[in-house]
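Chemist:
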Amino acid sequence: MDADTTDLDADEQTSPSTRRAFLTAAAVGGTAIGLGTVPGAGQTEPERIELGGDTPGWVGRAPADIEGETNPTLTLVPGRSYEVVWENVDGQPHNFVVRDGDGEDIVRSEIISEEGATQTVEFEATEAMAEYLCEVHPTTMLGDVSVEEQDTPTPTPDADEEEDTETETETEDDDEDDDDAEPAFESDLVEEQVGDVASLTLDLGDRDEMRVSIGSEAVNYLTSFTVVDGSDDGEVTIELNTFVAGSGDDPGVSAADEDDEIRDVERELVGIDPSLSSAPYPVEASADGRVVAESLLVLQPRETEGAGAGVAPRRADTTQSEDFAEAVTERERVAVGDWAVLRVDASGLYATLDEAADLRSDEYGYDLTIEEADVINRSPMGVPLDEIALVTDAENDRFFAAVDSDRFDVDQPYEATFTITDANPYVADGEEESVSASFRTVERTATIDAEEPVSVPTGEVTLSGTTTVAPGTTLTVSATGEGGDEFLKIARPTVEADGAWSASLDFSDVAPGTPVTFEVVGLSDQIEGEVSEE
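Heads up, the sequence shown is in the working numbering, so the first residue is 719 and it goes up one at a time.
See below:
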């Protein structure tokens, strides 16, 4: 993927006049505020944030809740104006950039290199903002931006408005009464695997509560309960934990929405085991002594299908299941600093697999090991559970066990194995199910596909290469001019699935004969070249 290119003159990097510089234009899709711009609604002055710009990381200075933190999260309110004042602490080239979730610039300032120089950047917060960084040191000077709406009081209507509202409400209520909506389940057939949590959504029609039953005498299980629509959205989603619902103290029934309620639970028939067996379970909703809605819950046998090794960028968030799953690339080579990932394809685990500690459980029969392979004359070193991040994806019957590969030795092979023993009620006595995958850590490097000296034609030039870092990682490619025509050009390509990258740089404004040094910042060797007449 080609990256956006930013041209930065050397004079802009080092001039003392940048001691207090204001951003006057935004990059892509954002709003930047310059001198004289009016702050957000209700503001007389922009809110001030103070940072120290140092190559190892941004250092929070103000407000007090970020003071002393390295790369603190900046919490902003959309539509509000902010003033970021930062000081160049170490005399290295730095600037302040805000990007969206796709890595596109929203706000960007010029680069300054003078130690002690300060720069003021004013902008209006938007919901697209996701991170801030220095584009010269994007791997260390990188922090999150959290944009959150601020609660505002509800205005009090005047008497006329109240009267109109009451009239409209009465009319709407009358219409709803006329409709006399009948209750119904969202689906008349719900399938789930035993050992998982089954979800059943009931539309209550014009009612606030109803009686629901799951099971029958035919399956030797019957539980009934009352559902209450506390959220006033007209529906309740019932969650049934099939691992514990069969017997024991926990009926395993709950409401998905914390504002809704499940009460008056009666277990009329219970089986001999806590875990429900594979079978069809009738579901009925009743009102005024009659059944008004029906569905069928079919619990299928659970399976352990396989496993694979993968890698995810170091910035991938293990607390966001869907986003993390999309960031994982299947491969056995993991660059130091990226997430080393074991993917396990298995159903029937997600009523019990809530945290990493559950991955080694005698109660559930789970055992996950990640340890050195091919070790001779000593015990292999393993990874403790507190260094493993669990990411579950119940909708797709899989989970991920992720480990920061900084803790692994380079070029040492590792084996990750997940086993379910017969302590689990869904595994037959004397048997077990096991899947595994292997991976190896490598150095974090990149190459540029060019031979020295590089002849650089005027105009747009495309560079390409490969890297060991995880696909989806954003690289920083720099071209530095020396001699009488100094410049710094930056491109930000994204690593493709096969480890390749491509970036475009524009040399149409550079005089022929100017020496150029290319580098994938922090990852590759420098390559020398010269701008040619061609």
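Quick reminder that beta carbons are idealized off the backbone N, C-alpha and C, glycines included. As the structure is a computational prediction, the values presented were derived from the model and not from experiment.
Would you call the stretch 957-972 in contact with the stretch 908-922, where contact means no fewer than 3 C-beta pairs closer than 8 Å?
Modeler: yes
Chemist: Taking all protein chains shown into account, decide if Asp-982 is buried (16 or more other Cβ within 10 angstroms of its Cβ) or exposed.
Modeler: As a working note, residue 982 is residue 264 in the sequence shown. Exposed: under 16 other Cβ atoms inside 10 Å.
Chemist: Quick check on DSSP: helix, strand or coil for Asp-729?
Modeler: Along the sequence shown, one-based indexing puts residue 729 at 11. Per-residue confidence for Asp-729 stands at a pLDDT of 36, beneath the threshold of 50, marking its modelled position as unreliable; the derived number appears in the next sentence. Helix at Asp-729.
Chemist: At which residues does the alpha helix (DSSP H) containing Ser-1039 begin and terminate?
Modeler: Within the sequence shown, numbered from 1, the residue matching residue 1039 stands at position 321. Ser-1039 -> alpha helix (DSSP H) spans 1039-1045.
Chemist: Assuming Phe-1118 contacts Leu-1060 (C-beta within less than 8 Å), just tell me the rounded distance between them.
Modeler: Along the sequence shown, read from residue 1 onward, the residue named residue 1118 stands at position 400. Along the sequence shown, read from residue 1 onward, the residue named residue 1060 stands at position 342. The pair is a contact, with the Cβ atoms about 7 Å apart (cut-off 8 Å).
Chemist: Of the residues Gln-1018, Arg-929, Arg-925, which one's Cα is nearest the Cα of Val-912?
Modeler: Residue 912 sits at position 194 when you count from the first residue of the sequence shown. For the residues Gln-1018, Arg-929, Arg-925, the minimum Cα distance to Val-912 belongs to Gln-1018.
Chemist: Would Ser-1222 and Ile-1166 be called neighbours here (beta carbons separated by less than 8 Å)?
Modeler: The residue labelled residue 1222 in the question sits at position 504 within the sequence shown. The residue labelled residue 1166 in the question sits at position 448 within the sequence shown. No, the pair does not count as a contact, with Cβ atoms beyond the cut-off.
Chemist: Taking its Cβ as the centre, do 16 or more other Cβ atoms sit within 10 Å of Ala-1215, making it buried, or is it exposed?
Modeler: On the sequence shown, position 497 is the one that residue 1215 refers to. With fewer than 16 other Cβ atoms within 10 Å, it is exposed.
Chemist: Under a three-way DSSP split, which group does Arg-1125 fall into?
Modeler: Residue numbering aside, residue 1125 sits at position 407 when the sequence shown is read from its first letter. Arg-1125: helix per DSSP, three-state reduction.
Chemist: Quick check: what's the CA-CA separation for Asp-818 versus Gly-1199?
Modeler: Reading the sequence shown from its first residue, position 100 is the one you call residue 818. Reading the sequence shown from its first residue, position 481 is the one you call residue 1199. Distance between the alpha carbons of Asp-818 and Gly-1199: 29 Å.
Chemist: Below 6 Å CB to CB, which residues in the same chain sit around Glu-1178 once its five sequence neighbours on both sides are set aside?
Modeler: Taking the sequence shown and counting its residues from 1, the one referred to as residue 1178 is at position 460. The answer, listed in chain order, is Ser-1222, Asp-1224.
Chemist: Rounded to the nearest angstrom, what separates Leu-1077 and Phe-903 at their Cα positions?
Modeler: Start at 1 with the first residue of the sequence shown, and residue 1077 comes out as number 359. Start at 1 with the first residue of the sequence shown, and residue 903 comes out as number 185. Rounded to whole angstroms, the separation of the alpha carbons of Phe-903 and Leu-1077 is 35 Å.
Chemist: Which residues in the same chain have their Cβ closer than 8 Å to the Cβ of Glu-1161, if we skip the five residues on either side of it in sequence?
Modeler: As a working note, residue 1161 is residue 443 in the sequence shown. Contacts found: Ala-1053, Val-1054, Val-1128, Thr-1186.
Chemist: Among Val-1238, Val-815, Asn-1142, Val-1062, which residue has its Cα nearest to the Cα of Ala-1155?
Modeler: For the purposes of this step, residue 1155 is taken as the residue at position 437 of the sequence shown. Checking every option, the nearest Cα to that of Ala-1155 belongs to Val-1062.
Chemist: Glu-842 to Asp-808, Cα distance in whole Å?
Modeler: The sequence position of residue 842 within the sequence shown is 124, counting from 1. The sequence position of residue 808 within the sequence shown is 90, counting from 1. C-alpha separation (whole angstroms): 28 Å.
Chemist: Taking Pro-811 as the reference, give the member of Glu-832, Arg-798, Asp-1072, Asp-1227 with the closest Cα.
Modeler: Taking the first residue of the sequence shown as 1, we reach residue 811 at position 93. Among Glu-832, Arg-798, Asp-1072, Asp-1227, the Cα nearest to that of Pro-811 belongs to Glu-832.
Chemist: Does Arg-1146 pass the burial test, meaning 16 or more other C-beta atoms within 10 Å, or should it be called exposed?
Modeler: Here residue 1146 refers to the residue found at position 428 when the sequence shown is read from its first residue. Checking the sequence, you will find Ala at residue 1146 rather than Arg. Counting Cβ neighbours within 10 Å, Ala-1146 comes out exposed, since fewer than 16 surround it.
Chemist: My parser needs the beta strand (DSSP E) runs of 3 or more residues fully inside the stretch 1091-1176; what are they?
Modeler: 1107-1111, 1116-1122, 1131-1138, 1151-1160, 1164-1166, 1172-1174
Chemist: Use the C-beta contact count for Val-839: other C-beta atoms within 10 angstroms, 16 or more gives buried, fewer gives exposed.
Modeler: Here residue 839 refers to the residue found at position 121 when the sequence shown is read from its first residue. Buried: at least 16 other Cβ atoms inside 10 Å.
Chemist: Considering only the beta carbon of each residue, do Ala-1027 and Phe-1157 sit closer than 8 Å?
Modeler: For the purposes of this step, residue 1027 is taken as the residue at position 309 of the sequence shown. For the purposes of this step, residue 1157 is taken as the residue at position 439 of the sequence shown. Their beta carbons are under 8 Å apart, which means Ala-1027 touches Phe-1157 by this criterion.
Chemist: Once the 5 residues before and after Ile-1245 are set aside, which same chain residues still bring their CB inside 8 Å of it?
Modeler: Here residue 1245 corresponds to residue number 527 of the sequence shown, with the count starting at 1. The answer, listed in chain order, is Ile-1166, Ala-1168, Glu-1170, Val-1172, Thr-1235, Phe-1236, Glu-1237.
Chemist: Whole angstroms are fine: how far does the CA of Asp-772 sit from the CA of Thr-836?
Modeler: Position 118 of the sequence shown holds residue 836. Position 54 of the sequence shown holds residue 772. Between the alpha carbons of Thr-836 and Asp-772 lies a distance of about 12 Å.
Chemist: Per the DSSP calculation, Gln-837 is bridged to which residue(s)?
Modeler: Indexing the sequence shown from 1 puts residue 837 at position 119. DSSP output for Gln-837 lists Trp-804 as bridge partner(s).
Chemist: Quick one: Cα of Asp-1104 to Cα of Glu-1073, how far?
Modeler: Counting from 1 along the sequence shown, the entry for residue 1104 is found at position 386. Counting from 1 along the sequence shown, the entry for residue 1073 is found at position 355. If I take the Cα positions, the gap works out to 10 Å.
Chemist: Select from Met-1099, Val-1121, Pro-1102, Glu-910 the residue whose C-alpha is nearest the C-alpha of Val-1109.
Modeler: Residue numbering aside, residue 1109 sits at position 391 when the sequence shown is read from its first letter. Per the Cα distances, Val-1121.
Chemist: What's the gap between the Cα of Phe-1136 and the Cα of Tyr-1084?
Modeler: Start at 1 with the first residue of the sequence shown, and residue 1136 comes out as number 418. Start at 1 with the first residue of the sequence shown, and residue 1084 comes out as number 366. Roughly 7 Å separates the two Cα atoms.
Chemist: Between which two residues does the beta strand (DSSP E) carrying Ala-780 extend?
Modeler: The residue you call residue 780 lines up with position 62 of the sequence shown. From DSSP, the beta strand (DSSP E) with Ala-780 extends over 775-780.
Chemist: Between the C-alpha atoms of Gly-786 and Glu-765, what's the straight-line distance to the nearest angstrom?
Modeler: Along the sequence shown, one-based indexing puts residue 786 at 68. Along the sequence shown, one-based indexing puts residue 765 at 47. When rounded, the distance between both Cα atoms is 19 Å.
Chemist: Just how far apart, CA to CA, sit Glu-845 and Val-795?
Modeler: Looking up residue 845 in the sequence shown gives position 127. Looking up residue 795 in the sequence shown gives position 77. Rounded to whole angstroms, Glu-845 to Val-795 spans 8 Å at the Cα level.
Chemist: Comparing C-alpha positions only, which one of Glu-801, Asp-1041, Ser-1182, Leu-792 sits nearest to Glu-866?
Modeler: Locating residue 866 in the sequence shown gives position 148, where the first residue counts as 1. The residue among Glu-801, Asp-1041, Ser-1182, Leu-792 with its C-alpha nearest the C-alpha of Glu-866 is Leu-792.
Chemist: If we ignore side chains and look at the alpha-carbon of each, how far apart do Glu-730 and Leu-1206 end up?
Modeler: Mapped onto the sequence shown, residue 730 falls at position 12. Mapped onto the sequence shown, residue 1206 falls at position 488. Interpretation of Glu-730 is limited by its pLDDT of 37, a score under 50 that renders its predicted location unreliable; the figure taken from the coordinates is listed afterwards. Going by the C-alpha atoms only, they are around 10 Å apart.
Chemist: With distance defined between alpha-carbon atoms, name the residue in Glu-1081, Ile-932, Glu-763, Leu-1193 nearest to Pro-998.
Modeler: Here residue 998 refers to the residue found at position 280 of the sequence shown. The shortest Cα separation from Pro-998 among Glu-1081, Ile-932, Glu-763, Leu-1193 belongs to Ile-932.
Chemist: Relative to the alpha-carbon of Asn-938, which residue among Gly-964, Asp-1203, Glu-1089 has its alpha-carbon at the smallest distance?
Modeler: Residue mapping note: residue 938 aligns to position 220 of the sequence shown, counting from 1. Looking only at Gly-964, Asp-1203, Glu-1089, the smallest Cα-Cα distance to Asn-938 is reached by Gly-964.
Chemist: Under a three-way DSSP split, which group does Val-912 fall into?
Modeler: Translated into positions along the sequence shown, residue 912 becomes position 194. Val-912: coil per DSSP, three-state reduction.
Chemist: Could you check which residue in Ile-1088, Arg-798, Pro-1031, Asp-924 has the C-alpha nearest to that of Asp-950?
Modeler: Your numbering for residue 950 matches position 232 in the sequence shown. In this structure, Asp-924 is the residue among Ile-1088, Arg-798, Pro-1031, Asp-924 with its C-alpha nearest to the C-alpha of Asp-950.
Chemist: Note down the Cα distance separating Gly-821 from Pro-1189, rounded to an integer number of angstroms.
Modeler: As a working note, residue 821 is residue 103 in the sequence shown. As a working note, residue 1189 is residue 471 in the sequence shown. Roughly 14 Å between the two C-alpha positions.
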